[in-house]
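Chains as they are written, first to last, in my numbering: chain F, 17 to 400; chain G, 9 to 103.
Even for Gly, the Cβ is constructed at its ideal location relative to N, Cα and C.
First up is the structure itself, then whatever we jot down about it.
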Ligand code: SF4
Ligand code: SF4
């Protein structure tokens, strides 16, 4: 699932408490999006946390100061105890967000979620038409999503519509915006694909061309002017095209705590595949000790880990040297400057990826599924 | 249309998409909304926590002047609430 963050927080050198808890309840999902940010080997993950274990995590993170709680996945509605966990989150004083594809949301469950105190629902669409939406999720979900949007409105939840944007749907930005306005969303996130997990595997299919991006930016500007305050549109140009990295997760282990379905605690959802890191499990370690004491969470806090290029750079307080996952996935070196930075000696890798995106892809699009995940784990993913 | 505090009897309240709460860990009031949060400074928190849709602005000003043992806060409160209305944090009900 895609997440976004909108906190205002100054840069300081003391360890700040986590403000956001991302609870990835399950990797189970009836959709098969080829841009999914879940790990490629998700099918090999250990048993999911129990209800009691999740409740303890919610309590411990709230005690540290976490106040935003995102239920994510996979598809969080696949967990039968979602309502219970929302109720506990609400009781503890969290602002509770459900991040869903819509699959599994019906009248009975949405009523129960309202009663449990759920604050907001983010509903994803893959595109603006049935044909493309259903192709991209590799499941017949468009009509279902439209019905779910009506349910969300009739139960008076604030609604964010999320659409992951890439080469195959970016030219439909105008119709995607119209759809968001039509279903009554208060916010629309046109979330440019971030290249981790399945999205990285499929990057040659997904990366937009420079022309496409320019057109989409113009479309968004025109629609913003036309719609005014009715719909707030979030659209951020992907970092590949900007020459500067994003300030990933607001800084490593400064704001966000992710807990994956099996209880592994991570400073970001993509970080599990980083080498030579041992991420603590909430089954064995308290959330307080994970946040303040664990080596994994300390590893990239502050500046001391940075390569010389970043340590001497006046912009290091802006982007913290970029994303560790992206640095590792693209250069093989987890301590490198994020190669989307045009000062990086490895920036050519990113330029080559943009160029490759202008040509026809060599490999077929690989949809996210347990079968494909097991195939990749078995080293059989040589579909070239 | 955003209703403005054009009339002394209008009563401000926290807008539907926002929730105001005191956060012990941050020692501050915060405004919570879908996937986001704004940490408020002391005076913003004191004004907003009085915006419950029942007090007209004049009453809020009077309360603040008592609390802070001062006078002449009308202009400050009004300009803060105008900005907060533009940001969508505050809505107004007519008297
Ligand atoms: S497959 Fe699609 S809907 Fe399911 S978790 Fe991944 S991105 Fe979300
Ligand atoms: S060199 Fe490092 S700190 Fe400077 S802009 Fe690039 S990534 Fe950021």
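Practice task
Consider the C-beta atom of residue 331/F and the heavy atoms of ligand 2; say whether any pair is separated by less than 7 Å.
Solution key: One-based indexing of the first chain puts residue 331/F at position 315. At least one heavy atom of ligand 2 is nearer than 7 Å to the Cβ of residue 331/F, so yes.
Problem - Secondary structure of residue 37/G, DSSP reduced to three states - result: As a working mapping, residue 37/G is identified with position 29 in the second chain. Residue 37/G: strand per DSSP, three-state reduction.
Exercise for the section: Go ahead and label residue 138/F buried or exposed: buried means 16 or more other beta carbons lie within 10 angstroms of its beta carbon, across all protein chains shown. Expected result: The sequence position of residue 138/F within the first chain is 122, counting from 1. Around the Cβ of residue 138/F, a 10 Å sphere holds 16 or more other Cβ atoms; the residue is buried.
Problem - Assigned secondary structure, residue 314/F (DSSP; H/G/I helix, E/B strand, else coil) - result: Translated into the one-based positions of the first chain, residue 314/F becomes position 298. Helix.
Practice task
Could you check the C-alpha separation between residue 313/F and residue 95/F for me, to the nearest Å?
Solution key: As a position in the first chain, residue 313/F is number 297, starting the count at 1. As a position in the first chain, residue 95/F is number 79, starting the count at 1. Their Cα atoms are separated by approximately 28 Å.
Practice task
Could you pull the start and end residues of the beta strand (DSSP E) that residue 239/F belongs to?
Solution key: In the first chain, the residue the question calls residue 239/F occupies position 223. It is not in any beta strand (DSSP E) - residue 239/F instead sits in the alpha helix (DSSP H) that spans 226-243.
Practice task
Consider the C-beta atom of residue 362/F and the heavy atoms of ligand 2; say whether any pair is separated by less than 7 Å.
Solution key: Within the first chain, numbered from 1, the residue matching residue 362/F stands at position 346. Here the distance from the Cβ of residue 362/F to the nearest heavy atom of ligand 2 is not below 7 Å.
Exercise for the section: Might you give, ordered along the chain, the residues of its own chain that have their beta carbon closer than 8 Å to the beta carbon of residue 24/F, omitting 5 neighbours on each side? Expected result: Along the first chain, read from residue 1 onward, the residue named residue 24/F stands at position 8. Any answer about residue 24/F is weak, because its pLDDT of 40 lies below 50 and its placement is not dependable; what the coordinates show is given next. The same chain holds no residue with a CB closer than 8 Å to that of residue 24/F once the five nearest residues on each side in sequence are set aside.
Practice task
Give the residues of chain G in contact with residue 7/F, contact being defined as C-beta atoms less than 7 Å apart.
Solution key: With chain F running from 17 to 400 in the structure shown, residue 7/F is simply not present.
Practice task
Can you have a look at residue 87/G and say buried or exposed, based on whether 16 or more other CB atoms are within 10 angstroms of its CB?
Solution key: The residue given as residue 87/G occupies position 79 in the second chain. Burial is judged here by how many other beta carbons sit within 10 angstroms of a residue's own beta carbon; residue 87/G has fewer than 16 and is exposed.
Handout entry: Near-chain G residues of the segment 134-145 of chain F (beta-carbon distance less than 9 Å), N- to C-terminal order
Key = Taking 9 Å as the Cβ-Cβ cut-off against chain G, the residues of the segment 134-145 of chain F that qualify are 135, 136, 137, 138.
Exercise for the section: Kindly examine ligand 1 and report whether one of its heavy atoms sits closer than 7 Å to the Cβ of residue 91/F. Expected result: In the first chain, residue 91/F corresponds to position 75, counting from 1. Yes, since a heavy atom of ligand 1 falls inside the 7 Å radius drawn around the Cβ of residue 91/F.
Problem - Option nearest residue 258/F by Cα separation, candidates 32/F, 355/F, 235/F, 115/F - result: For the purposes of this step, residue 258/F is identified with residue 242 of the first chain, where counting begins at 1. Residue 258/F has its Cα closest to that of 355/F, out of 32/F, 355/F, 235/F, 115/F.
Problem - residue 140/F beta carbon near ligand 1 (any heavy atom closer than 7 Å) - result: Translated into the one-based positions of the first chain, residue 140/F becomes position 124. Yes, Cβ of residue 140/F sits closer than 7 Å to a heavy atom of ligand 1.
Exercise for the section: Output yes or no for whether 8 Å exceeds the beta carbon distance between residue 337/F and residue 326/F. Expected result: Residue mapping note: residue 337/F aligns to position 321 of the first chain, counting from 1. Residue mapping note: residue 326/F aligns to position 310 of the first chain, counting from 1. Yes.
Practice task
Starting from the Cα of residue 249/F, find the closest Cα among 196/F, 367/F, 329/F, 352/F and give me that residue.
Solution key: As a working mapping, residue 249/F is identified with position 233 in the first chain. Nearest in C-alpha terms to residue 249/F, of all of 196/F, 367/F, 329/F, 352/F, is 196/F.
Exercise for the section: Report yes or no: do the segment 58-69 of chain F and the segment 116-126 of chain F share at least 3 C-beta pairs separated by less than 8 Å? Expected result: Between the segment 58-69 of chain F and the segment 116-126 of chain F, the count of C-beta pairs closer than 8 Å stays below three; the two stretches do not touch.
Handout entry: 8 Å Cβ cutoff, residue 176/F in contact with chain G
Key = Within the first chain, numbered from 1, the residue matching residue 176/F stands at position 160. Yes - at least one Cβ of chain G is within 8 Å of the one on residue 176/F.
Handout entry: Residue range of the unbroken alpha helix (DSSP H) whose run includes residue 162/F
Key = As a position in the first chain, residue 162/F is number 146, starting the count at 1. First-last of the alpha helix (DSSP H) with residue 162/F: 158-170.
Exercise for the section: Using three-state DSSP, classify residue 51/G as helix, strand or coil. Expected result: Translated into the one-based positions of the second chain, residue 51/G becomes position 43. Residue state for residue 51/G is assigned as helix, using DSSP reduced to three classes.
Exercise for the section: Answer with yes or no whether the minimum CB distance from residue 80/F to chain G is below 8 Å. Expected result: For the purposes of this step, residue 80/F is taken as the residue at position 64 of the first chain. At a cut-off of 8 Å between beta carbons, residue 80/F contacts chain G.
Problem - 8 Å Cβ cutoff, residue 99/G in contact with chain F - result: Looking up residue 99/G in the second chain gives position 91. It does not; no Cβ of chain F falls within 8 Å.
Exercise for the section: Assign residue 287/F to buried or exposed, taking buried as 16 or more other Cβ atoms, counted over all protein chains shown, within 10 Å of its Cβ. Expected result: Here the question's residue 287/F lines up with position 271 in the first chain. By the neighbour-count criterion, in which a residue is buried when 16 or more other Cβ atoms sit within 10 angstroms of its Cβ, residue 287/F is buried.
Exercise for the section: Starting from the Cα of residue 216/F, find the closest Cα among 97/F, 375/F, 182/F and give me that residue. Expected result: To locate residue 216/F, count along the first chain from 1; it is residue 200. Taking only the C-alpha atoms, the option nearest residue 216/F is 182/F.
Practice task
Compare the C-beta of residue 91/G against all C-beta atoms of chain F and say whether one is closer than 8 Å.
Solution key: Taking the second chain and counting its residues from 1, the one referred to as residue 91/G is at position 83. In terms of beta-carbon proximity, residue 91/G stays away from the interface with chain F, with every pair separated by 8 Å or more.
Handout entry: 8 Å Cβ cutoff, residue 21/G in contact with chain F
Key = Looking up residue 21/G in the second chain gives position 13. Interface criterion not met: the Cβ of residue 21/G is under 8 Å from no Cβ in chain F.
Problem - Distance CB(residue 374/F)-CB(residue 225/F) smaller than 8 Å - result: Position 358 of the first chain, counted from the first residue, corresponds to residue 374/F. Position 209 of the first chain, counted from the first residue, corresponds to residue 225/F. Closer than 8 Å, so yes.
Exercise for the section: Could you tell me which chain C residues have their CB closer than 7 Å to the CB of residue 34/G, listed as they occur along the chain? Expected result: Although the question refers to chain C, the structure presented lacks it and instead comprises the protein chains F and G.
Practice task
Would you identify the three-state DSSP class for residue 275/F, choosing helix, strand or coil?
Solution key: Residue numbering aside, residue 275/F sits at position 259 when the first chain is read from its first letter. Strand at residue 275/F.
Exercise for the section: Would you identify the three-state DSSP class for residue 100/G, choosing helix, strand or coil? Expected result: Locating residue 100/G in the second chain gives position 92, counting from the first residue. In the three-state reduction of the DSSP assignment, residue 100/G falls in the strand class, which pools E and B.
Handout entry: residue 40/G: CB within 7 Å of a non-hydrogen atom of ligand 2
Key = Stepping through the second chain from its first residue, residue 40/G is reached at position 32. No, since every heavy atom of ligand 2 falls outside the 7 Å radius drawn around the Cβ of residue 40/G.
Exercise for the section: Could you tell me whether the Cβ atoms of residue 189/F and residue 252/F are closer together than 8 Å? Expected result: Sequence index remark: in the first chain, residue 189/F carries index 173 (1-based). Sequence index remark: in the first chain, residue 252/F carries index 236 (1-based). Using a Cβ distance threshold of 8 Å, residue 189/F and residue 252/F do not count as a contacting pair.
Practice task
Give me the Cα-Cα distance between residue 290/F and residue 341/F, rounded to the nearest whole angstrom.
Solution key: Looking up residue 290/F in the first chain gives position 274. Looking up residue 341/F in the first chain gives position 325. Whole-angstrom Cα-Cα distance: 7 Å.
Exercise for the section: May I ask you to check if the CB of residue 357/F is nearer than 7 Å to at least one heavy atom of ligand 2? Expected result: Reading the first chain from its first residue, position 341 is the one you call residue 357/F. Yes, the beta carbon of residue 357/F sits closer than 7 Å to at least one heavy atom of ligand 2.
Exercise for the section: Give the DSSP-derived three-state secondary structure of residue 328/F in the structure shown. Expected result: Counting from one through the first chain, the residue named residue 328/F turns up at place 312. DSSP places residue 328/F outside both helix and strand once states are collapsed to three, so it counts as coil.
Practice task
Give the single residue among 46/F, 221/F, 372/F whose Cα lies nearest to the Cα of residue 387/F.
Solution key: As a working mapping, residue 387/F is identified with position 371 in the first chain. The residue with the shortest Cα to Cα distance from residue 387/F is 46/F.
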